[in-house]
Amino acid sequence: MNSLIWKRRIAKCYSACIRKNNTRKIILLYHAVGNSPWAISTDTFRKQIQWLNQHCKITSLTKLLTMPEQEDTIEVALTFDDGYACLYDTILPILQAENAVATVYINTDCIGQCEKTRKLSVPALGHYPIETFLLWDEVRALEKLGWEIGSHGVNHVDLTQQDAETIKNELNYSKLTIQDVLQKECTHFAYTWGKHSKNLRQAVAAAGYRYAVAGHHAVFKKNNNLMALPRLNIEKNYSLHDFENITLGKWDFLGAIQRIKKWLWIKY
Numbered sequence: 001m002n003s004l005i006w007k008r009r010i011a012k013c014y015s016a017c018i019r020k021n022n023t024r025k026i027i028l029l030y031h032a033v034g035n036s037p038w039a040i041s042t043d044t045f046r047k048q049i050q051w052l053n054q055h056c057k058i059t060s061l062t063k064l065l066t067m068p069e070q071e072d073t074i075e076v077a078l079t080f081d082d083g084y085a086c087l088y089d090t091i092l093p094i095l096q097a098e099n100a101v102a103t104v105y106i107n108t109d110c111i112g113q114c115e116k117t118r119k120l121s122v123p124a125l126g127h128y129p130i131e132t133f134l135l136w137d138e139v140r141a142l143e144k145l146g147w148e149i150g151s152h153g154v155n156h157v158d159l160t161q162q163d164a165e166t167i168k169n170e171l172n173y174s175k176l177t178i179q180d181v182l183q184k185e186c187t188h189f190a191y192t193w194g195k196h197s198k199n200l201r202q203a204v205a206a207a208g209y210r211y212a213v214a215g216h217h218a219v220f221k222k223n224n225n226l227m228a229l230p231r232l233n234i235e236k237n238y239s240l241h242d243f244e245n246i247t248l249g250k251w252d253f254l255g256a257i258q259r260i261k262k263w264l265w266i267k268y
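In the working numbering, the protein residues as written are 1 to 268.
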C-alpha cells in the first residue's frame, strides 16, 4: 500500500480519537522549494505559508524554544536543512510576503564565495538532486533579515558513524566558520538525516551549541532534550489538506510509529 494512503487512513481514525488541542509548538522541517525532483513546488509552499499565517503564529526557532507557551495558539518555527540556493531566490520572497523568518542549517564546505564558485549538490552525498547551494553573501543577507543560521556540519555526513576526531572537527570548524562570517555566536545545529546518539549529543553540547534538531515527529515540550529537538518533516507529495492535518496534530501518530520502528531495529 502506498505510504501516503495509509498515513491518511490512520490520520482519519486517529483524529477521531484525540482531543483537539490548539495550544502547541511545532518545528517544521523542509529542504528545497522549486522545480527540482525532490523539491516542494513553489505554489504548494506558498499556500502552506499563507495557511500558517492565517491559522498559526510563525515565529523564530529561538523564540519558540525560549518563550512561554501561548494559550490557544499553534506556534510554528520553519527550518531548512542543507542550505540550497532556493532559500534566497524562492523561499525568502514568499516568507517576506508573510512577514515570516526561518532557520537554515548549512554545510559550511558547500557554501561558495562568489557566483563562479557556487557549488552543485551531489546526490551521492545525500543532497537533493539538481540543486545549487547558497553563497556566503546570501547567508549574510538572510541573517540580516532576521533568519537564524545554524550548522549542519562541514560536510553532509552521518556523524553517528564517524570517529571522535572527525565529529569534533565537523562540529567545531563549521561553528567557527559561521561565527567568523556573521560575527555572532552560532547556537543551532542539525543532525544529518536526523541521526544522533548519546555520545554525539554530548559532543554537540560540548562544542558550544545550545540547541540541536533531529527528525522525530513530535511537538516541542518544555521538558524536551534541547540536544534532540523534534521536527515534523514536510514532504513533496503532501497535499495542502495533509499539511493542515500535520500542523493541527492529526498526524502525531507518526511519532509512535517512528519509536516502534527504532525499537524493532535495536531489538532485532
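Don't be surprised by glycine CBs; every beta carbon is placed ideally from N, CA and C.
Just so you know, these numbers come straight off a predicted model, no measurement behind them.
**Request:** Use the C-beta contact count for P230: other C-beta atoms within 10 angstroms, 16 or more gives buried, fewer gives exposed.
**Result:** Burial call: buried.
**Asked** Using CA coordinates, which residue listed in A207, P93, K175 is at the minimum distance from Q50?
**Response** Answer by Cα proximity: P93.
**Request:** Select from Y128, H127, H188, L135 the residue whose C-alpha is nearest the C-alpha of I111.
**Result:** For the residues Y128, H127, H188, L135, the minimum Cα distance to I111 belongs to L135.
**Message:** Taking the straight line between their C-alpha atoms, what separation do you get for F220 and T247?
**Reply:** Annotation: F220 to T247 spans about 12 Å, alpha carbon to alpha carbon.
**Message:** Check for me: the beta strand (DSSP E) holding V104 runs from which residue to which?
**Reply:** Counting along the chain, the beta strand (DSSP E) containing V104 begins and ends at 103–106.
**Request:** Less than 8 Å between the CB atoms is what I'm expecting for N53 and N107, so what's the real figure, rounded?
**Result:** Contact between N53 and N107 does not hold, since their C-beta atoms are separated by about 30 Å, which reaches or exceeds 8 Å.
**Prompt:** Can you tell which of R24, A228, W193 has the C-alpha that lies nearest to the C-alpha of N199?
**Reply:** Selected option, being the one with the closest Cα: A228.
**Request:** Pick out the complete beta strand (DSSP E) segments inside the region 73–104, 3 residues or longer, and give them in chain order.
**Result:** Counting only runs of 3 or more, we get 74–82.
**Prompt:** DSSP three-state call for L135: helix, strand or coil?
**Reply:** Correct three-state label for L135: strand.
**Item:** Collapsed DSSP secondary structure at Y211 in the structure displayed
**Value:** Y211 falls in the strand class under three-state DSSP.
**Message:** Residues in the same chain with beta-carbon distance under 7 Å from V204, minus the five sequence neighbours each way, listed in chain order, please.
**Reply:** If we look at V204 and ignore the five residues flanking it on each side, its Cβ neighbours are L171, F189, A212, M227.
**Request:** Buried or exposed for Q48, please, with buried defined as at least 16 other CB atoms from any protein chain shown within 10 angstroms of its CB.
**Result:** Counting Cβ neighbours within 10 Å, Q48 comes out buried, since at least 16 surround it.
**Asked** With 16 as the cutoff for other CB atoms within 10 Å, does Y268 come out buried or exposed?
**Response** Only weak support exists for where Y268 lies, its pLDDT of 45 falling under 50; the coordinates are left without a value.
**Request:** Compute the Euclidean distance between the alpha carbons of D158 and E71, then round it to the nearest angstrom.
**Result:** Pairing D158 with E71, the inter-Cα distance amounts to about 38 Å.
**Prompt:** Should the region 255–267 be regarded as contacting the region 236–244, the criterion being three or more beta carbon pairs within less than 8 Å?
**Reply:** Flag = no, the region 255–267 and the region 236–244 do not touch.
**Asked** Nearest CA to the CA of S3: which residue from D252, Y238, K262?
**Response** The candidate whose alpha carbon is nearest that of S3 is Y238.
**Item:** Beta-carbon proximity list for T42, same chain, < 7 Å, skipping 5 on both sides
**Value:** For T42, same chain residues with a beta-carbon under 7 Å away, outside a window of 5 residues either side, are V33, G34, T90 in chain order.
**Prompt:** Is the region 60–77 in contact with the region 131–149, if contact means three or more CB pairs nearer than 8 Å?
**Reply:** Judged by Cβ distances under 8 Å, the region 60–77 makes contact with the region 131–149, as three or more pairs qualify.
**Message:** For D252, which residues in the same chain have their Cβ closer than 8 Å to its Cβ, ignoring the five residues on either side in sequence?
**Reply:** Contacts found: Y14, I18, H217, A218, V219.
**Item:** Cα-Cα separation between G215 and T192, rounded to whole angstroms
**Value:** Straight-line measurement puts the Cα of T192 at about 9 Å from the Cα of G215.
**Prompt:** Considering only C-alpha positions, which residue in the set T73, Q113, L232 is nearest to H55?
**Reply:** Looking at T73, Q113, L232, the one whose alpha-carbon comes closest to that of H55 is T73.
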